[in-house]
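Worksheet for the structure shown next.
Protein chains: 2
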Amino acid sequence: MSTLDQIAKLSGFSKATVSRVLNGSRHVSPDTREKILAIMKEQDYVPNRNAVSLSKGRTQQIGMITMNLNELILHFMNGFVESAGRHGFQTIIYTTGGDSQKELQALEDLKRKRVDGLLILTSVSSPGLIASYRKYGPIVSWQRMDHPDIPSVAMNQFEGYTLALEHLLSRGYTRIANAFGRPSSINTQSRREAYEQAMAAYSLPVDEQWYYSSIYSIADGERVLRSLLEQQERPEAVLCANDLVAAGILSEARRQGLGVPENLAIVGFDDTELAKTMGITTVRNPVAGQAENAFRLLAPALLGKALALQPLAFSLAIRETT
Amino acid sequence: MSTLDQIAKLSGFSKATVSRVLNGSRHVSPDTREKILAIMKEQDYVPNRNAVSLSKGRTQQIGMITMNLNELILHFMNGFVESAGRHGFQTIIYTTGGDSQKELQALEDLKRKRVDGLLILTSVSSPGLIASYRKYGPIVSWQRMDHPDIPSVAMNQFEGYTLALEHLLSRGYTRIANAFGRPSSINTQSRREAYEQAMAAYSLPVDEQWYYSSIYSIADGERVLRSLLEQQERPEAVLCANDLVAAGILSEARRQGLGVPENLAIVGFDDTELAKTMGITTVRNPVAGQAENAFRLLAPALLGKALALQPLAFSLAIRETT
DNA sequence: TTGAAAGCGTTACCAA
DNA sequence: TTGGTAACGCTTTCAA
Numbered sequence: 143m144s145t146l147d148q149i150a151k152l153s154g155f156s157k158a159t160v161s162r163v164l165n166g167s168r169h170v171s172p173d174t175r176e177k178i179l180a181i182m183k184e185q186d187y188v189p190n191r192n193a194v195s196l197s198k199g200r201t202q203q204i205g206m207i208t209m210n211l212n213e214l215i216l217h218f219m220n221g222f223v224e225s226a227g228r229h230g231f232q233t234i235i236y237t238t239g240g241d242s243q244k245e246l247q248a249l250e251d252l253k254r255k256r257v258d259g260l261l262i263l264t265s266v267s268s269p270g271l272i273a274s275y276r277k278y279g280p281i282v283s284w285q286r287m288d289h290p291d292i293p294s295v296a297m298n299q300f301e302g303y304t305l306a307l308e309h310l311l312s313r314g315y316t317r318i319a320n321a322f323g324r325p326s327s328i329n330t331q332s333r334r335e336a337y338e339q340a341m342a343a344y345s346l347p348v349d350e351q352w353y354y355s356s357i358y359s360i361a362d363g364e365r366v367l368r369s370l371l372e373q374q375e376r377p378e379a380v381l382c383a384n385d386l387v388a389a390g391i392l393s394e395a396r397r398q399g400l401g402v403p404e405n406l407a408i409v410g411f412d413d414t415e416l417a418k419t420m421g422i423t424t425v426r427n428p429v430a431g432q433a434e435n436a437f438r439l440l441a442p443a444l445l446g447k448a449l450a451l452q453p454l455a456f457s458l459a460i461r462e463t464t
Numbered sequence: 143m144s145t146l147d148q149i150a151k152l153s154g155f156s157k158a159t160v161s162r163v164l165n166g167s168r169h170v171s172p173d174t175r176e177k178i179l180a181i182m183k184e185q186d187y188v189p190n191r192n193a194v195s196l197s198k199g200r201t202q203q204i205g206m207i208t209m210n211l212n213e214l215i216l217h218f219m220n221g222f223v224e225s226a227g228r229h230g231f232q233t234i235i236y237t238t239g240g241d242s243q244k245e246l247q248a249l250e251d252l253k254r255k256r257v258d259g260l261l262i263l264t265s266v267s268s269p270g271l272i273a274s275y276r277k278y279g280p281i282v283s284w285q286r287m288d289h290p291d292i293p294s295v296a297m298n299q300f301e302g303y304t305l306a307l308e309h310l311l312s313r314g315y316t317r318i319a320n321a322f323g324r325p326s327s328i329n330t331q332s333r334r335e336a337y338e339q340a341m342a343a344y345s346l347p348v349d350e351q352w353y354y355s356s357i358y359s360i361a362d363g364e365r366v367l368r369s370l371l372e373q374q375e376r377p378e379a380v381l382c383a384n385d386l387v388a389a390g391i392l393s394e395a396r397r398q399g400l401g402v403p404e405n406l407a408i409v410g411f412d413d414t415e416l417a418k419t420m421g422i423t424t425v426r427n428p429v430a431g432q433a434e435n436a437f438r439l440l441a442p443a444l445l446g447k448a449l450a451l452q453p454l455a456f457s458l459a460i461r462e463t464t
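Going down the list, the protein sequences come from chains F and G.
According to this note's numbering, the first sequence is numbered sequentially starting from 143.
According to this note's numbering, the second sequence is numbered sequentially starting from 143.
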């Protein structure tokens, strides 16, 4: 493994000049540059990244913290890796499994200068703790983080939920049930608000028994369907927290011989591969755009210049379940 | 940000001693250790990883190269991240999108000492090119790499395919079609071999028209089903290259009103979430175990000691399609 | 058990 | 345009 020093010696120039060639400085004569480049190629030389990082004080790496990896997160990740890559940054992934110790390790890596910045997808640490690492580098979050120092790229679900509701209402469905996620989350609150506003706009009653909470998984969806069947006034449609839930409801409906969408319309959320496969109508969550924005939020600190945020919007993927 | 040098000055000891404390050397008096640790804590000191990496010549990072991310790869990834983590290694992901330039960049990162080793999941580069980087660090592959210097953790599909066949045969299915993937791949060859041996063992005929090739996706699966329906002697069961194909066949069968498994039994491969959701019988591919083994193959070079490989086996997840 | 000093491979400042 | 040299922050001999 040849080093910059060796290249300098072989070429007869100083390390400084070799370094200038490496970094594309204009203060090198074309002649010199050429000679040095030739020797580099001949010696199969590449700079040692640790040395560069130590010297420059930057690693060109961004850490991404997530509790687990699922399809939606994957999309986000892909988008982010791509955006960061375009600007010369690599992404390193910290999967924590919800272990706060592992999360802390990732945060420490910002302090220890292994990464130049941090992107938090999902985490269990308190916003306060996370924010206390802001002094070591930029940190942005996907989910809303409820702290002035940690910007977020999450979108208000109100718009997306309204989109789905308008779709159902326009098709004549009026008795619409909701399978919400975490009751206390801002997302659930926005969705509920959207629901109540839409129903009010159409002068339709809001039935509290059509609110399901803490519904996350396929199994949860299956339970919801069975519960729906037992209701005296059975809903004609159900709006789900995510596509997994919708998939669970759909497959259980099939098992129970309930026609979809004749007897029950189903709308998912996120537009994952699963929804596509199973033909589920769903709200398309522009995660790739959010990922791009996540990088743009980091840009000022990382690139020294701001990048304008992309405007994003939900849209609807209409399939066979409505 | 305090440095080791500052800790040394504050404690009155030398940098060497502070470093010894950091690295848990036994040649430090308990008293000294305590004092130094106290000052470190007080100063909120953590070592700079770039400096450590440069000095030690190792980064404790492993690069993972993949063209794209899907569910199966995700499982593998998770398993590997977990295994590597247990031994103090972080994983950094290179998603190449099949771009050989990006792949090269990942390989170069081994040379540039950004990573200590490389794990290849899927790649387009020639085994020869990849192997030429072996001199910079250990490299292992998931898929079979056809080069003596690049070990692989892929499993022979013969056993898994045989498992599925035995299952079908024991349930009385005799006319069994195959949806194979890439015709030239070793996997396909093993599967075909398994098929022919199993049929021979049961004295059943092998019908060439029940061989489908280059079947990968959901859409491919849908096409296969339509084609199956047109055959004069329609098969009673179909064995698929992966769960996506099985899902495609299943959903198209439903659309066509073909009863599953009464009129057609379906078996997938890999046991992904999709198979679970749709209730598809499938062969469980122990990817997490393979990931663990991938790390164990890197271990000699990384840890300086060998770790025994885990014995792995396919198993069957029997669901509603058989 | 401790310390001095020479690396590790770059970058960046100051002169020339 | 070039060179000398001090950082960058740690580890690792070699002595004491």
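Cβ coordinates follow ideal geometry from the N, Cα and C atoms, glycine included.
These numbers were taken from a predicted model, which means no experiment stands behind them.
Please state if the CB of K253(G) and the CB of N192(F) are separated by a distance shorter than 8 Å. Mapped onto the first sequence, residue 192(F) falls at position 50. Mapped onto the second sequence, residue 253(G) falls at position 111. Result no, Cβ atoms of N192(F) and K253(G) do not sit closer than 8 Å.
Determine whether the Cβ of S274(G) lies closer than 8 Å to any Cβ atom of chain F. Here residue 274(G) refers to the residue found at position 132 when the second sequence is read from its first residue. Closer than 8 Å: no.
Status (buried if at least 16 other CB within 10 Å, exposed otherwise) for L386(F): Within the first sequence, residue 386(F) is the residue found at index 244, counting from 1. Classification for L386(F): buried.
Kindly provide the ranges of any alpha helix (DSSP H) runs that are 4 or more residues long and lie completely inside the stretch 400-436 of chain G, ordered along the chain. Those alpha helix (DSSP H) runs which fall completely within the stretch 400-436 of chain G and span 4+ residues are 415-420.
Give me the Cβ distance between F437(F) and F222(F), rounded to the nearest whole Å; I'm assuming they're in contact under 8 Å. Within the first sequence, the letter at position 295 stands for residue 437(F). Within the first sequence, the letter at position 80 stands for residue 222(F). Between F437(F) and F222(F) a beta carbon distance of about 6 Å is seen, short of the 8 Å cut, so the two are scored as contacting.
Are A306(G) and V194(G) closer than 8 Å when you measure CB to CB? The residue given as residue 306(G) occupies position 164 in the second sequence. The residue given as residue 194(G) occupies position 52 in the second sequence. The Cβ atoms of A306(G) and V194(G) lie no closer than 8 Å to each other.
Contact set between T237(G) and chain F, taken where Cβ atoms lie within less than 7 Å: Taking the first residue of the second sequence as position 1, residue 237(G) is located at position 95. Within 7 Å Cβ-Cβ: N220, V223.
Partner residues on chain G for A193(F), Cβ-Cβ distance less than 7 Å: Here the question's residue 193(F) lines up with position 51 in the first sequence. Listed along chain G, the residues sitting closer than 7 Å to A193(F) by beta-carbon distance are L196.
Between which two residues does the alpha helix (DSSP H) containing S393(G) stretch? Here residue 393(G) corresponds to residue number 251 of the second sequence, with the count starting at 1. 385-397 is the extent of the alpha helix (DSSP H) around S393(G).
Verify whether the separation of the beta carbon atoms of P428(F) and A388(F) is less than 8 Å. Counted from its first residue, the first sequence places residue 428(F) at position 286. Counted from its first residue, the first sequence places residue 388(F) at position 246. Taking 8 Å as the Cβ cut-off, P428(F) and A388(F) do not qualify as a contacting pair.
Who are the neighbours of N165(F) on chain G, taking C-beta pairs under 7 Å? For the purposes of this step, residue 165(F) is identified with residue 23 of the first sequence, where counting begins at 1. Close partners of N165(F) in chain G (Cβ separation under 7 Å) are lacking, with about 15 Å as the shortest Cβ gap.
Partners in chain G for N298(F), counting only beta-carbon separations shorter than 9 Å: In the first sequence, residue 298(F) corresponds to position 156, counting from 1. By Cβ distance, chain G contributes nothing, its closest Cβ being about 28 Å from N298(F), past 9 Å.
Simplified DSSP assignment, three categories, for S345(G): Taking the second sequence and counting its residues from 1, one reaches residue 345(G) at position 203. S345(G) sits in coil when the DSSP states are folded into three classes, being neither helix nor strand.
What is the DSSP secondary structure of Y354(F), reduced to helix, strand or coil? Counted from its first residue, the first sequence places residue 354(F) at position 212. In the three-state scheme derived from DSSP, where H, G and I count as helix and E and B as strand, Y354(F) is classed as strand.
Does DSSP classify N192(G) as helix, strand or coil? Here residue 192(G) is taken as the residue at index 50 of the second sequence, counted from 1. Of the three classes helix, strand and coil, the one that applies to N192(G) here is helix, per DSSP.
C-alpha distance - Y354(G) paired with E224(G), whole-angstrom precision: By 1-based counting over the second sequence, the position of residue 354(G) is 212. By 1-based counting over the second sequence, the position of residue 224(G) is 82. Looking at the two C-alpha atoms, the distance is approximately 37 Å.
Would you say Q232(F) faces chain G, with C-beta separation under 8 Å as the test? Counting from one through the first sequence, the residue named residue 232(F) turns up at place 90. By this cut-off, Q232(F) is an interface position.
Taking L146(G) as part of the alpha helix (DSSP H), name the residues at either end of that continuous run. Position 4 of the second sequence holds residue 146(G). From DSSP, the alpha helix (DSSP H) with L146(G) extends over 146-153.
Proximal residues to L152(F) (C-beta, below 8 Å), its chain only, five neighbours per side dropped: Translated into the one-based positions of the first sequence, residue 152(F) becomes position 10. Cβ contact annotation for L152(F) (same chain, cutoff 8 Å, sequence separation greater than five): I181, Q185, in chain order.
Using a Cβ cut-off of 7 Å, pull out every chain G residue sitting near I391(F), in sequence order please. One-based indexing of the first sequence puts residue 391(F) at position 249. Within chain G, no residue comes near I391(F); the closest Cβ sits about 12 Å away, beyond 7 Å.
Between the Cα of R334(G) and the Cα atoms of G302(G), T316(G), L311(G), which residue gives the shortest distance? For the purposes of this step, residue 334(G) is identified with residue 192 of the second sequence, where counting begins at 1. Nearest Cα to R334(G) within the set G302(G), T316(G), L311(G): G302(G).
For L164(G) and I234(G), what's the separation of their Cα atoms in angstroms? Start at 1 with the first residue of the second sequence, and residue 164(G) comes out as number 22. Start at 1 with the first residue of the second sequence, and residue 234(G) comes out as number 92. Answer to the nearest angstrom: the Cα atoms are 25 Å apart.
Neighbour flag for L305(G) against chain F, beta carbons, 8 Å: For the purposes of this step, residue 305(G) is identified with residue 163 of the second sequence, where counting begins at 1. So no, L305(G) is outside the interface.
Can you check DSSP and say which residues form a bridge with A443(G)? The sequence position of residue 443(G) within the second sequence is 301, counting from 1. Looking at the DSSP assignment, A443(G) forms no beta bridge with any residue, so it has no partner.
With distances taken Cα to Cα, identify the nearest neighbour of G323(F) among E338(F), T316(F), S359(F), M341(F). Working through the first sequence from its first residue, we reach residue 323(F) at position 181. For the residues E338(F), T316(F), S359(F), M341(F), the minimum Cα distance to G323(F) belongs to S359(F).
Using the Cβ count rule (16 or more neighbours within 10 Å means buried), how would you classify D251(F)? Counting from one through the first sequence, the residue named residue 251(F) turns up at place 109. Residue environment analysis places D251(F) among the buried positions, since at least 16 neighbouring C-beta atoms fall within 10 angstroms of its C-beta.
Using the C-alpha atoms, what's the distance from G270(F) back to P290(F)? Taking the first residue of the first sequence as 1, we reach residue 290(F) at position 148. Taking the first residue of the first sequence as 1, we reach residue 270(F) at position 128. Cα to Cα, the separation comes out at about 10 Å.
Pull out every residue of the stretch 413-439 of chain F whose Cβ sits closer than 9 Å to any Cβ of chain G, in chain order. From the stretch 413-439 of chain F, only E415, L416, K418, T419, M420, G421 have a Cβ closer than 9 Å to chain G.
Restricting to runs no shorter than 3 residues, where is the beta strand (DSSP E) found entirely within the stretch 317-342 of chain G? Runs found: 318-321.
Report the CB separation of G220(F) from T237(G) in whole angstroms; it is logged as a contact under 8 Å. On the first sequence, residue 220(F) is found 78 positions in, with the first residue counted as 1. On the second sequence, residue 237(G) is found 95 positions in, with the first residue counted as 1. Before going on, a small fix: residue 220(F) reads as Asn here, not Gly. With 8 Å as the limit, N220(F) and T237(G) qualify as a contact, their Cβ atoms being about 7 Å apart.
How many angstroms separate the CA atom of S197(F) from the CA atom of A430(G)? The residue given as residue 197(F) occupies position 55 in the first sequence. The residue given as residue 430(G) occupies position 288 in the second sequence. Between the C-alpha atoms of S197(F) and A430(G) there is a straight-line separation of about 39 Å.
Quick check for students: name the residue ranges of the beta strand (DSSP E) that lie wholly in the stretch 199-277 of chain F, counting only runs of 3 or more. If we require 3 residues or more, the beta strand (DSSP E) runs fully inside the stretch 199-277 of chain F come out as 203-208, 232-237, 259-262.
Helix or strand or just coil, what does DSSP make of I281(F)? On the first sequence, position 139 is the one that residue 281(F) refers to. Of the three classes helix, strand and coil, the one that applies to I281(F) here is strand, per DSSP.
To the nearest angstrom, how far is it from the Cα of L216(F) to the Cα of S156(F)? The residue labelled residue 216(F) in the question sits at position 74 within the first sequence. The residue labelled residue 156(F) in the question sits at position 14 within the first sequence. Taking the straight line joining both Cα atoms gives about 47 Å.
Please tell me whether P347(G) has its Cβ less than 8 Å away from any Cβ of chain F. Here residue 347(G) refers to the residue found at position 205 when the second sequence is read from its first residue. No, its Cβ sits nowhere closer than 8 Å to a Cβ of chain F.
Cutting at 6 Å between CB atoms, please list the residues of its own chain near L367(F), excluding the five before and the five after it. For the purposes of this step, residue 367(F) is taken as residue 225 along the first sequence, with counting starting at 1. Here the set comprises I391, E394, A395.
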